[in-house]
Amino acid sequence: MTRAFFLGLTTGGVFFAGTLYWITNVMAFYGGMSTPVAVLVNAMLVAYQALYPAFFAVVFRRLVLGYGPRALIAAPLVWVATELGRTHLLGGFPWVLLGYSQVTTIPIAQLASLFGVFGVSALVASVSAAAAGCLATRDIRARVQSVGAVAVLLTVTAVWGSWRAARAEWTREGEAVTVGLIQGNASEAQRRDPPQALQVFQDQLRMTRQAIGAGAELVLWSESAMSPYRMDDNPEVAGLLRRVAREGRVPILVGSDQVVRGRPDEWYNAAVLVRADGSDGGFYRKMHLVPFGEFVPMRRLLFFVGPLVEAIGSGFAAGVDPTVLPVAGHSISVAICYEVVYPALVREFVLRGSELLTTITNDSWFGNTSAPYQHFAQASMRAIEEGRYLVRAANTGISGIVDPYGRVLERTDIFEPGVVVGRARFLKTVTPYARWGDVFAYASVVAVVAAILLARRRVQ
0 MTRAFFLGLT TGGVFFAGTL YWITNVMAFY GGMSTPVAVL VNAMLVAYQA LYPAFFAVVF
60 RRLVLGYGPR ALIAAPLVWV ATELGRTHLL GGFPWVLLGY SQVTTIPIAQ LASLFGVFGV
120 SALVASVSAA AAGCLATRDI RARVQSVGAV AVLLTVTAVW GSWRAARAEW TREGEAVTVG
180 LIQGNASEAQ RRDPPQALQV FQDQLRMTRQ AIGAGAELVL WSESAMSPYR MDDNPEVAGL
240 LRRVAREGRV PILVGSDQVV RGRPDEWYNA AVLVRADGSD GGFYRKMHLV PFGEFVPMRR
300 LLFFVGPLVE AIGSGFAAGV DPTVLPVAGH SISVAICYEV VYPALVREFV LRGSELLTTI
360 TNDSWFGNTS APYQHFAQAS MRAIEEGRYL VRAANTGISG IVDPYGRVLE RTDIFEPGVV
420 VGRARFLKTV TPYARWGDVF AYASVVAVVA AILLARRRVQ
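Numbering (numbering that gives the first Met the number 0), first residue to last: 0 to 459.
The structure is reproduced here in structure tokens:
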């Protein structure tokens, strides 16, 4: 068991070090940490994430002891069980799940409309399991059977997925809406300097007028686009935005911090809707906060991250309601920043009546790394799962529009200012995943537990 654990831990460590390397720079540059401390904190996160592949290795070894090479059949289910744990335990951090590797392979990615990203993860894991089966046995017949079964599964999925994407019936249903996405490309340093901050805000107003002039019927600004101003206590600045909405007769969704005065004050990372007449249309408060970005978990234990605690202050409070917002007789939802990597939360928006998925983010923290691309890919999977158009406004990119089949219709480059104007649709259709959620993932957990219990009896 020990050898299996450390093999899994090593595998996970290599994978997550290669995909989460950018966190070190975020903590050092924006969190005020020294580089060694930032490396240490990131290493702790990588080590924690690596525990899940280690758990996979331990469980799988137990199954092999009980069932022999046939246990490879259960490998995809064990892997999905660990991903489900990574999504929910200790607040969850479901970054770069295995299934996201297929989001640009449109035929295969359609499986997410049935079983979510976890179903796609299982399919990818089954291919690896078949390859491992070929190495684990010299029985030619067993090799042919395992490879053949997976080949059939892949072929059926690809043929069905190709048919589904080619049919594209949801691109012709619902009411069309032209969306304008504002990518201001403002650095954090610019926002902290008053003269530059005002210029950034005015630039976004200008870009909004440009989008409206190009036919936008709904405009999205990015997460924290109002910073350092706020809609709730900067009436003069907010009035300029309301005026643009009134003049263009177009609703504007904008990222803005909110403060609820009290003892102590509560701060929220929020999205505020300004109606076409300039009035308030409602707001959504971010529910899944970013650890070490919007709050510091286990402050007393992690005493050495003092500079980061000071940079974040008391942190943000978490919202408690998956609010949907009214736009032109329809309902839209907003996932702020990395909330979009939580499938269950986005599904909850759809169950609340969301007809268009929107997500706003400020990925400037990531720098010129792979993180913005990882983030956009994960957001795109939500469109397939829920059968909705997804529109994304990101301060420094990637901003874009994704159709209900995961096809990217519009997108920007990173670290370039830009205005995207494109078509989406309000949809009320429901995918099997939207209806049933992560039933497959939870069933995988039940199956794995049952297999472990039966394996114990066989070993005894």
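The beta-carbon is built from N, C-alpha and C at its ideal position, and this holds for glycine as well.
Open item on the list: Quick check on the DSSP output: the alpha helix (DSSP H) that includes A237 runs from which residue to which?
Closed with: P234 to G247
- [ ] Assuming V236 and F200 form a contact by the criterion Cβ under 8 Å, report the distance between their Cβ atoms to the nearest whole angstrom.
- [x] 6 Å
TODO: State the DSSP-derived secondary structure class of T358, mapped to helix, strand or coil.
DONE: strand
- [ ] Would you kindly work out how many angstroms separate the C-alpha atoms of T462 and A148, rounded to a whole number?
- [x] There is simply no residue 462 to check, as the chain begins at 0 and stops at 459 in what is shown.
Open item on the list: Quick check: V249 and I211, are their CB atoms within less than 7 Å of each other?
Closed with: yes
Task: I400 to T360 span [Cα, whole Å] - done: 14 Å
TODO: Name the two residues that bound the continuous beta strand (DSSP E) containing V218.
DONE: L217 to L219
Open item on the list: Taking 8 Å as the cut-off, does the region 387-404 touch the region 417-427 (at least 3 CB pairs, one atom from each stretch)?
Closed with: yes
- [ ] Give the range of the beta strand (DSSP E) segment to which A393 is assigned.
- [x] L389 to A393
Task: Alpha-carbon spacing of E309 relative to M32, whole angstroms - done: Unreliable positioning characterises E309 in this predicted model, as indicated by a pLDDT of 47, which lies under 50. The coordinate reading is nonetheless provided below. Roughly 10 Å separates the two Cα atoms.
Task: For W21, the nearest candidate out of D362, W435 and V429 (CA to CA) - done: D362
TODO: Rank V448, E174, V176 and Q195 by C-alpha distance to the C-alpha of N184 and give the top, closest one.
DONE: Q195
- [ ] Return the chain-ordered list of same chain residues with a C-beta closer than 6 Å to the C-beta of L83, the five sequence neighbours on each side being excluded.
- [x] A440
- [ ] Reducing DSSP to helix, strand and coil, say where L324 ends up.
- [x] strand
- [ ] Would you give the residue range spanned by the alpha helix (DSSP H) that Q209 belongs to?
- [x] P193 to G212
- [ ] Helix, strand or coil for T104, going by three-state DSSP, please let me know.
- [x] coil
Task: Nearest-angstrom beta carbon gap, V116 and M380 [assumed within contact, 8 Å] - done: 5 Å
TODO: Check I397 in the structure and name its three-state DSSP category.
DONE: coil
Task: Classification of F425 by the beta-carbon crowding that lies within 10 angstroms, buried from 16 upward - done: buried
Task: Nearest-angstrom Cα separation, counted from V438 out to P342 - done: 12 Å
Task: At least 3 beta-carbon pairs within less than 8 Å: the region 134-152 vs the region 111-126 - done: yes
- [ ] Please check if any C-beta of chain C sits within less than 7 Å of the C-beta of A275.
- [x] The displayed structure is made up of one protein chain only, and chain C is not part of it.
Open item on the list: Using only the alpha-carbon positions, how far apart do A454 and L64 sit?
Closed with: 8 Å
Open item on the list: Please state whether the Cβ-Cβ distance between G179 and S221 is less than 7 Å.
Closed with: no
- [ ] Just the C-alpha distance for A275 and T357, rounded to the nearest angstrom, thanks.
- [x] 18 Å
Open item on the list: As an exercise, report each continuous alpha helix (DSSP H) stretch of at least 4 residues that is fully enclosed by the region 377-452, in chain order.
Closed with: 431-435
Task: Chain-order list of residues whose beta-carbon lies under 6 Å from that of G118 (same chain, five-residue window excluded) - done: L110 and F439
Open item on the list: Which same chain residues end up closer than 6 Å to S443 when comparing Cβ atoms and leaving out the 5 residues on each side of it in sequence?
Closed with: L76, V79 and A80
Task: Option nearest E338 by Cα separation, candidates M225, P416 and T86 - done: T86
Task: Coarse secondary structure for E265, derived from DSSP in three states - done: strand
Task: Endpoints, the beta strand (DSSP E) within which A334 is located - done: H329 to I335
Task: Nearest neighbour of G405, chosen from A108, V345 and Q189 [CA to CA] - done: A108
Task: Cutoff 7 Å; reference E415; Cβ partners in own chain excluding five residues on either side - done: N184 and G396
Open item on the list: Nearest by alpha-carbon distance to G318: which of V95, A269 and G247 is it?
Closed with: A269
Open item on the list: Is it buried or exposed, I181, if we count other Cβ atoms within 10 angstroms and call 16 or more buried?
Closed with: buried
Open item on the list: I need the straight-line Cα distance from V447 to R205, nearest angstrom please.
Closed with: 56 Å
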